[in-house]
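Protein chains in written order, with this note's numbering: chain A, 28 to 376; chain B, 14 to 398.
We put the CB at the ideal spot given by N, CA and C, even for glycine.
Here's the structure, in structure tokens; my notes come after.
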Amino acid sequence: MENLMTVEHLKKYFPVLGGVLRKKVADVRAVDDVSFQIYAGECFGVVGESGCGKTTLGKTLIRLLSPNAGHIFYKIPQEVADAIRALEKDNPKSRSLKYLLREYDHAYISGSRLRKLRRHLQIVYQDPTTSLDPRMLVKDIVSEPVVSQGLIRGSGVIERVLETLQMVGMGEKHLYRYPHEFSGGQRQRIAVARAIITKPEFIILDEPTSSVDVSVRAQLLNMFQDLQRDLGLTYMFISHDLSVVECISDRVAVMYLGKIVEQAKTEEIYKNPMHPYAQALFNSIPIPDPTRRRERAPLSGEPPSPVNPPSGCRFHPRCSLATNTCEHEEPPLVDVGNEHYVACYALSK
Amino acid sequence: MEEESVVQIKDLYLNFYTYDGVVKALDGISFGIRKGEILGLVGETGSGKSVTSLSVLSIVVPPGRLQKGQIDINIKGKTYDILSLNDATLARVRGKYISMIFQEPRAALNPVYTVGDQISEVYFHHRKAELLDNTIAQLREDLKKASGLRRTIRKADLSLFEKMKNNPKSVSLRLYMKIPLLNRFQNRIKTEARKMIVQILKSLNIPDPARVIDMYPHELSGGMAQRAVIAMSLACNPMMLIADEPTTSLDVTVQAQILLLIKDLQKKIHTSILYVTHDLGVVAETCDRVVVLYAGNVAEIANVFDLYKKPLHPYTQALLESIPRPGHKFVSIRGIVPSLVDPPKGCRFYDRCDYTQEKCLNVEPQLVEVEKDHFVACHLHYGGS
């Protein structure tokens with residue numbers, strides 16, 4: 028499959044301010060050294076508990092947040108990426124490296140160049156009641172991206188809005204209404220229409236179904252799949268609802284405290300989770316079948332604070348397989364075969 | 014069925030008076046909660062599940078108003094209609110015999126009081142006699158060891174506590190409570206309450222309960238805050254516990270912990286639980302029986318095994334089919350929930366149902382027992398067909 032986005036050693040820290048002078052006293056390591064690839068046309072699922080950095084990762088990828096370090100190569104020639112990697116190794120302070128980063132690395136692009144890129148990268152937020160402006164009409168909400176990007180002017184705008192609304196199963200009669208007049212499912216459709224109106228290539232779906240009912244959820248998910256097929260979209264599906272991710276994603280990454288601990292194809296990872304955290308996570312999904320009730324031992328404790336994450340493997344205080352090595356060294360994400368990556372010392376030995 | 018149930022809801026009608034019209038939120042709901050069972054209450058948003066659970070505590074908030082109906086609770090062999098009790102009696106029932114766990118633990122806790130303060134409120138309200146007994150026993154113990162001035166103070170304290178137990182309205186006691194410094198004698202009873210709270214927090218697997226007790230809600234994680242709320246609701250070993258989506262705002266791993274905890278506690282103190290949720294996975298894991306609500310009506314009541322194996326109501330079937338399965342297309346229920354301002358005359362599921370008959374449009378189906386312990390409100394299943 029064609030590579031759409033390559034992420035390398037991405038880091039995003041948020042400063043914690045303290046003291047009288049509001050100086051930086053610590054960092055919240057929301058995303059800490061994360062690397063992965065997203066292929067064109069796939070749906071890449073990211074799962075994890077709240078506070079593990081899923082949303083920050085998504086926002087950083089489309090540059091709503093600027094990363095502290097790392098690279099995001101979005102549709103650039105392989106040679107350029109190689110050149111950047113080589114330069115960074117040999118001569119990290121050279122001017123040519125700076126130039127290349129500014130020109131090509133999506134993590135460092137800024138100004139009008141970034142503005143142009145934004146139309147290709149969109150996001151749908153979790154809660155449409157807060158992501159839609161209550162004082163704007165639907166037509167204004169949906170047309171805002173194309174108008175501000177200057178893609179269409181004049182009477183073409185309303186045509187495009189209508190066309191887009193029809194794609195998400197809404198119509199002309201909804202144009203002159205306010206968000207509060209719609210149900211949760213319809214509001215999410217409006218949010219999706221706003222995201223696809225610029226004809227993007229990559230959309231981040233940040234828990235798009237967590238605020239709607241079961242029956243509406245299925246409608247939305249079907250719509251996402253239809254849109255993906257019709258418009259050739261690539262998704263990054265962020266969710267904590269593991270059963271939905273299982274059905275919609277092609278590949279899944281499990282995050283824990285700002286790190287990817289396991290990444291594999293969906294069937295593979297759901298059938299055979301290897302990292303102890305992933306095992307515990309998949310094991311705690313309630314199965315909708317009373318005959319398969321299990322006596323399971325849930326994971327004890329709660330995730331530690333990302334301000335001061337544990338040394339070494341971040342999961343070691345809660346892990347049953349932890350050894351001395353886990354306490355001191357950070358396990359790398361290694362391929363255990365069949366595109367299955369795990370970051371755990373107990374397994375890679 | 015009637016005699017073994019702890020709470021029996023009979024023909025409950027509840028309306029909301031809004032600017033858009035009268036919303037008929039509950040339209041004749043009847044079901045019973047048996048002793049020692051976990052009853053799941055399942056439904057979508059707006060199906061009336063939260064309103065039902067709140068009515069069991071006789072909490073009806075305007076613009077909601079109760080039209081008719083009865084909720085019988087069975088306390089120590091006597092039956093009371095909770096909806097006709099006065100406020101003073103209700104205050105004695107709520108928290109002691111029936112208590113509730115709310116959906117959002119952070120919203121349920123008061124942000125300006127410590128967790129310990131909030132839990133101790135339950136003890137002071139419902140179990141004051143027990144607390145006083147403990148305090149007096151402790152004071153007697155101390156009195157034996159004390160001597161000199163300390164002994165005099167202890168003696169005075171003891172007499173005050175005995176007064177508090179026997180004659181709480183005595184003038185001298187009230188005077189003492191008003192005088193600064195002297196009213197510090199009350200600290201002893203707080204220490205006693207604290208001991209009991211540490212005990213209960215420990216039983217809920219909270220690490221380091223003596224520290225947690227002095228924390229404010231914002232210092233706790235979601236799972237920990239929910240445990241504190243559970244501690245509060247279990248303080249009096251209630252015979253009936255209402256859990257209104259207690260794990261919806263929590264992560265799956267924490268959810269698994271809390272579910273296990275609730276199941277363990279249920280085994281230990283034999284309380285009945287009304288578990289309100291929309292998550293069919295959670296229902297399958299925890300509940301014994303299930304009530305399916307749709308648009309203010311009971312659609313189906315059944316044992317959890319029967320319900321998942323052989324759902325009879327078309328809505329239940331559709332709900333179970335809408336659970337995502339890998340490799341299948343997502344199945345949704347077509348149409349939307351009808352407006353409850355002007356509900357359909359016949360079956361409320363008519364517009365979305367695949368098996369409609371002529372009478373579904375005009376005649377409202379009644380809840381009928383089609384198999385042993387399996388009730389369904391659907392015209393398809395009348396007359397044993």
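M177/B: buried (16+ other C-beta within 10 angstroms of its C-beta) or exposed? buried
Determine the extent of the beta strand (DSSP E) in which Q83/B is found, giving its start and end residues. 77 to 88
Close beta carbons around A53/A, own chain, < 6 Å, minus the five adjacent residues each side: The residues are V43, V334.
Please report how far the alpha carbon of L188/B lies from the alpha carbon of N196/B, in whole angstroms. Taking the Cα positions, L188/B is about 9 Å away from N196/B.
Between the beta-carbon of V311/B and the beta-carbon of L380/B, is there less than 8 Å? yes
Among the residues of its own chain, which have a CB less than 6 Å from the CB of G397/B, if the five just before and after it don't count? Annotation note: pLDDT 45 at G397/B (below 50); position unreliable, coordinate value reported separately. Cβ within range, chain order: n/a, list empty.
Taking the alpha-carbon of A308/B as reference, which of V35/B, K158/B, D40/B has the nearest alpha-carbon? D40/B
In its own chain, which residues sit with a C-beta less than 8 Å from the C-beta of D268/A, not counting the 5 before and 5 after it? So the qualifying residues of the chain are E234, T236, S237.
Would you say I217/A reaches chain B, if we count a Cβ-Cβ gap shorter than 8 Å as a contact? The Cβ of I217/A sits no closer than 8 Å to any Cβ of chain B.
Is there at least one Cβ from chain A nearer than 8 Å to Y229/B's Cβ? no
Does the Cβ of P235/A lie closer than 7 Å to at least one heavy atom of the ligand FAD? The ligand FAD is not part of this structure, which contains no ligands at all.
V211/B, DSSP secondary structure in three states: Helix at V211/B.
Just checking, does the segment 104 to 122 of chain A make contact with the segment 65 to 74 of chain A on the three C-beta pairs under 8 Å criterion? Touching, no, given that fewer than three Cβ pairs across the two stretches are closer than 8 Å.
Below 7 Å between beta carbons is the criterion; list the residues of the segment 311 to 322 of chain A that meet it against any residue of chain B, in chain order. S311, I312, P313, I314, P315, D316, P317, T318, R320
So what does DSSP say about S43/B, is it helix, strand or coil? Three-state DSSP puts S43/B in a strand.
Name, going along the chain, the residues of the segment 128 to 148 of chain A whose beta-carbon falls closer than 7 Å to a beta-carbon of chain B. none
Among all the DSSP beta bridges, which residues are the ones paired with V361/A? V369/A
Counting only beta-carbon separations shorter than 8 Å, does D240/A have a partner in chain B? yes
Under the three-state reduction of DSSP, which class applies to C360/B: helix, strand or coil? coil
Residues of chain A with a CB under 9 Å from the CB of Y32/B: which are they? Within chain A, no residue has its CB atom less than 9 Å from the CB of Y32/B, the nearest being about 14 Å off.
Is there at least one Cβ from chain B nearer than 8 Å to Q176/A's Cβ? No, its Cβ sits nowhere closer than 8 Å to a Cβ of chain B.
I'd like the ranges of any alpha helix (DSSP H) spanning at least 4 consecutive residues and lying wholly in the segment 133 to 194 of chain B. 141 to 158, 161 to 179, 184 to 191
8 Å Cβ cutoff, Y93/B in contact with chain A: Not an interface residue.
Does L70/B get closer than 8 Å to chain A when you measure Cβ to Cβ? Not one chain A Cβ lies under 8 Å of L70/B.
Selected residue, minimal CA-CA separation from L27/B, among Y368/B, H387/B, L353/B, L278/B: L353/B
Using the three-state DSSP reduction, which class does S398/B fall into: helix, strand or coil? With a pLDDT of only 41 at S398/B, under 50, the local geometry of the prediction cannot be trusted, and no value is derived from it.
Quick one: which chain A residues come within Cβ less than 8 Å of H291/B? D240, V241
Rounded to whole angstroms, what is the Cα-Cα separation between I103/A and Y131/A? The C-alpha of I103/A lies about 7 Å from the C-alpha of Y131/A.
Run the CB neighbour count on E154/B, radius 10 Å, all protein chains shown included, and call it buried at 16 or more, exposed below. exposed
Can you pull the chain A neighbours of V354/B, defined as C-beta to C-beta under 9 Å? The premise fails here: V354/B is roughly 15 Å from chain A at the closest Cβ pair, so nothing lies under 9 Å.
What does S266/A reach in chain B if we use C-beta pairs closer than 8 Å? Identification of chain B residues near S266/A by a Cβ-Cβ cut-off of 8 Å yields none; the smallest Cβ-Cβ distance measures about 11 Å.
Return the Cβ separation of A223/B and L233/B in integer angstroms, given the expectation that the two are a contact with Cβ distance under 8 Å. Actually they are not in contact, since the Cβ atoms of A223/B and L233/B sit about 15 Å apart, beyond 8 Å.
In angstroms, rounded to a whole number, what distance separates the CA positions of Y395/B and E371/B? The straight-line gap from Cα to Cα measures roughly 14 Å.
Beta carbon of F251/A, beta carbon of I275/A: below 8 Å? yes
Would R56/A pass as a contact of P336/A if the rule is Cβ separation under 8 Å? yes
Rounded to whole angstroms, what is the Cα-Cα separation between S158/A and L308/A? 29 Å
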